[in-house]
Structure formats: structure tokens, C-alpha cells
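A quick write-up on the structure given underneath.
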Amino acid sequence: MSVREPVIALGALLGAAILWSAVSPLVERPRFLRRNFRGSSIPTAAGVVVMIVVAAGSLMAWIRPESFEVRSRWAAASLILAVAFGILGLIDDLSGQAGGGGFRGHLLALARGRLTTGMLKLMGGGVVSLVAAYLVLPDGSVVDWIRAGLLVALSANLANLFDRAPLRTTKVAVLWLLALVPFARGSELLAGVLAVGASLGLAPWEGREKLMAGDTGANVVGASLGLSAVLALGPVGQWITLGLVGALNLISERVSFSRVIAGNRVLSALDRLARLRP
Numbered sequence: 131m132s133v134r135e136p137v138i139a140l141g142a143l144l145g146a147a148i149l150w151s152a153v154s155p156l157v158e159r160p161r162f163l164r165r166n167f168r169g170s171s172i173p174t175a176a177g178v179v180v181m182i183v184v185a186a187g188s189l190m191a192w193i194r195p196e197s198f199e200v201r202s203r204w205a206a207a208s209l210i211l212a213v214a215f216g217i218l219g220l221i222d223d224l225s226g227q228a229g230g231g232g233f234r235g236h237l238l239a240l241a242r243g244r245l246t247t248g249m250l251k252l253m254g255g256g257v258v259s260l261v262a263a264y265l266v267l268p269d270g271s272v273v274d275w276i277r278a279g280l281l282v283a284l285s286a287n288l289a290n291l292f293d294r295a296p297l298r299t300t301k302v303a304v305l306w307l308l309a310l311v312p313f314a315r316g317s318e319l320l321a322g323v324l325a326v327g328a329s330l331g332l333a334p335w336e337g338r339e340k341l342m343a344g345d346t347g348a349n350v351v352g353a354s355l356g357l358s359a360v361l362a363l364g365p366v367g368q369w370i371t372l373g374l375v376g377a378l379n380l381i382s383e384r385v386s387f388s389r390v391i392a393g394n395r396v397l398s399a400l401d402r403l404a405r406l407r408p
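Here my numbering is used: the first residue of the sequence shown is 131, the next is one more, and so on.
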């Protein structure tokens with residue numbers, strides 16, 4: 131990773147902050163308000179700002195790949211993932227449906243003839259992730275595409291699982307991106323850099339509980355980091371990361387991450403870091 135990525139992250143941060151400042155009055159309406167973990171009504175789906183920033187940055191990179199020193203296929207995949215996961219997350223955020231109880235809950239609802247917005251997101255996100263995998267690995271095998279697609283899709287879901295308290299997903303995303311830095315040889319981290327930068331741009335408001343990024347933001351952040359992992363890591367690294375991400379997804383079916391964090395002094399302190407009660 132060169133000096134270019136921090137500059138891109140700063141641009142995404144400023145872009146998200148400016149965009150939210152402009153649109154926040156428009157979303158302070160009952161249609162966009164949801165109760166947060168304290169029971170306060172605040173705007174949800176502010177993550178649409180993350181979607182727009184990542185999509186705009188990816189579009190610029192696709193149009194002028196030489197300026198970003200990135201392959202056009204990588205930028206196209208980032209653009210498709212941002213728009214698709216952002217829209218799917220927005221549908222879920224605004225639907226008003228209660229959580230489906232994880233994978234099992236969505237599958238049980240489907241077996242009873244009811245398609246939850248969460249299940250729609252899982253199916254749609256899976257298809258889009260496979261498309262993105264093919265774009266970035268055009269010479270890969272079916273196994274390569276499935277591995278990469280699963281990594282992207284499960285990363286998106288994992289980021290959403292952490293989105294249960296202000297700034298939690300953003301903090302996890304920063305650590306995730308930093309963990310990938312040693313493996314990047316060029317612009318493999320573009321999508322993740324854009325997503326994390328945009329999330330940090332919303333942090334001053336999220337930390338004061340003035341907004342919720344929602345599924346819209348968390349899914350875009352997770353999918354972008356999943357794509358960055360696919361590009362930065364070789365097959366072995368992807369398998370290891372997929373195993374870790376997949377295991378955390380499965381564990382969440384039985385274990386509450388919030389309860390684990392609350393029960394650990396260090397994790398609890400990190401979770402509260404930079405959060406200011408309104």
C-alpha cells in the first residue's frame with residue numbers, strides 16, 4: 131500500500147461527512163427513524179452515504195483506472211457490490227421487519243412461505259458476490275469463484291452482525307483493513323479503503339448517537355472488505371479468512387457478540403471508546 135490509499139481514505143472521509151451534513155435534514159422524518167439500542171429514535175440507513183461514497187470512488191477508478199493504478203475489473207466489482215449491497219440493506223432497514231433470527235430464522239420463515247427482507251438480502255447478496263468474484267478472477271476455476279463469492283457475502287453479513295452498537299462495525303472494519311495492509315502489493319485494498327474512510331466520516335455523528343448506518347452501511351463495508359481480502363490474499367489466505375469469517379457467522383447463531391463484549395473488560399472498553407452519550 132502506498133501513500134495513495136491514505137489520501138483516498140481521507141477523501142472518502144471528507145466526502146461522507148459533507149454529504150451527511152447536506153442530507154441529514156431530509157432523513158429526520160418518521161419514515162427514516164428507528165429506535166436504537168437505547169430506545170431513542172434516530173435516523174437509520176445513514177449508511178446510504180457510505181454506499182454513495184464507495185460507489186462514486188469505484189466509478190471514478192473504473193473510468194480512470196490509470197489514475198488509481200487499479201484494474202478496471204476490480205473497480206467494477208467494487209461498484210457493483212456497493213450499489214447492490216447498499217440497496218438490499220436499505221430495503222431491510224426501511225422494511226420495519228424484525229430480525230429473522232439469523233440464517234436459521236430466515237430459512238424457517240422461507241419454509242413457511244414467507245420471504246423476509248433478510249433472506250432477500252442473503253440470496254441477492256450471494257448472487258452479486260459470485261458476479262464480483264468472476265469479475266476479479268476471470269481466469270479462476272469454479273472453486274475459486276465460489277470461495278471468493280462466499281468470502282464477500284459472509285463478510286458483508288459479519289459486518290452487519292457487529293452493527294449492534296454505535297461505531298462497533300467501524301472499529302472492526304478499521305482493524306480488518308489494517309490486518310490486510312501487509313498483504314497488499316498495489317491497489318487491492320481500494321474498496322476497503324473507500325468503505326472504511328466513508329464510515330469514519332460518519333463517526334462523529336454515530337458516536338453521539340445521531341444516526342445509525344444500519345444494514346445499508348454495514349453490508350457495504352463488509353462486502354468491500356471481503357473484496358479487498360480476495361484481491362490481497364492468495365488462495366490459502368482466502369481459505370483461512372473464509373474459515374474464520376464463516377465460523378464467526380455460525381457462532382453468532384448461538385452466541386451474542388454483544389454479550390461477549392460486555393463480559394470482557396478490554397473489549398467493553400474498546401467498544402465504548404469514542405462513544406459519547408447525547
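Where a beta carbon is used, it is the ideal one built from N, C-alpha and C, also for glycine.
The distance from the Cβ of Trp-204 to that of Val-266 is about 6 Å, consistent with a contact at the 8 Å cut-off. Straight across, the Cα-Cα distance linking Val-157 with Ala-206 is about 29 Å.
A direct Cα-Cα distance of roughly 15 Å separates Ile-210 from Ala-278. Residue range 134-153 is occupied by the alpha helix (DSSP H) that includes Arg-134.
A Cβ-Cβ contact shorter than 7 Å links Ala-328 with Ala-146. Residues of the same chain with a CB within less than 7 Å of the CB of Asp-401, apart from the 5 flanking positions on each side, are Ala-295, Arg-298 and Ile-391 in chain order. Leu-144 and Ala-186 have their alpha carbons spaced roughly 13 Å apart.
DSSP, reduced to helix, strand and coil, places Pro-296 outside both helices and strands of the structure shown, so it counts as coil. In its chain, beyond the 5 residues on either side, Ala-205 and Leu-209 have a beta carbon closer than 8 Å to the beta carbon of Leu-189. The three-state reading of DSSP puts Pro-365 in helix, counting H, G and I together.
Under the DSSP assignment, Arg-164 falls in the beta strand (DSSP E) whose first and last residues are 163-165.
Contact between Phe-215 and Ala-286 is confirmed by a C-beta separation of about 6 Å, below the 8 Å threshold. Contact between Ala-303 and Ala-321 fails: their C-beta atoms lie close to 12 Å from each other, not under 8 Å.
In the DSSP annotation of this structure, the continuous segment of the beta strand (DSSP E) that includes Ser-171 starts and ends at 171-173. By the Cβ criterion, the region 304-319 is in contact with the region 342-358, since at least three pairs of Cβ atoms, one from each stretch, lie closer than 8 Å. Taking the C-beta atoms as reference points, Gly-177 is found nearer than 7 Å to Gly-344. Counting along the chain, Phe-198 sits inside the alpha helix (DSSP H) bounded by residues 195-198.
Out of Ala-139, Ser-170, Ser-202 and Asp-274, the CA that lies nearest to the CA of Val-366 is found in Asp-274.
For the options Gly-331, Gly-352, Val-261 and Ser-388, the alpha carbon positioned closest to that of Leu-140 is the one of Gly-331. By the neighbour-count criterion, in which a residue is buried when 16 or more other Cβ atoms sit within 10 angstroms of its Cβ, Phe-387 is buried. Collapsing the DSSP output to three states places Arg-402 in a helix. A Cβ-Cβ distance of about 6 Å is found for the pair Asn-290 and Asn-349, placing them in contact under the 8 Å criterion. Between the alpha carbons of Leu-245 and Glu-383 lies a distance of about 19 Å. Within the region 351-397, the runs of alpha helix (DSSP H) that reach at least 4 residues and sit entirely inside it are, in chain order, 365-381 and 387-392. Here Gly-364 is exposed. Its C-beta has fewer than 16 other C-beta atoms within 10 Å.
Counting along the chain, no alpha helix (DSSP H) covers Ala-176, and no H or E run does either. Apart from the 5 residues on each side of it in sequence, Ala-353 sits with its Cβ closer than 6 Å to the Cβ of Leu-211, Phe-215, Val-282 and Ala-286 in its chain, given in chain order.
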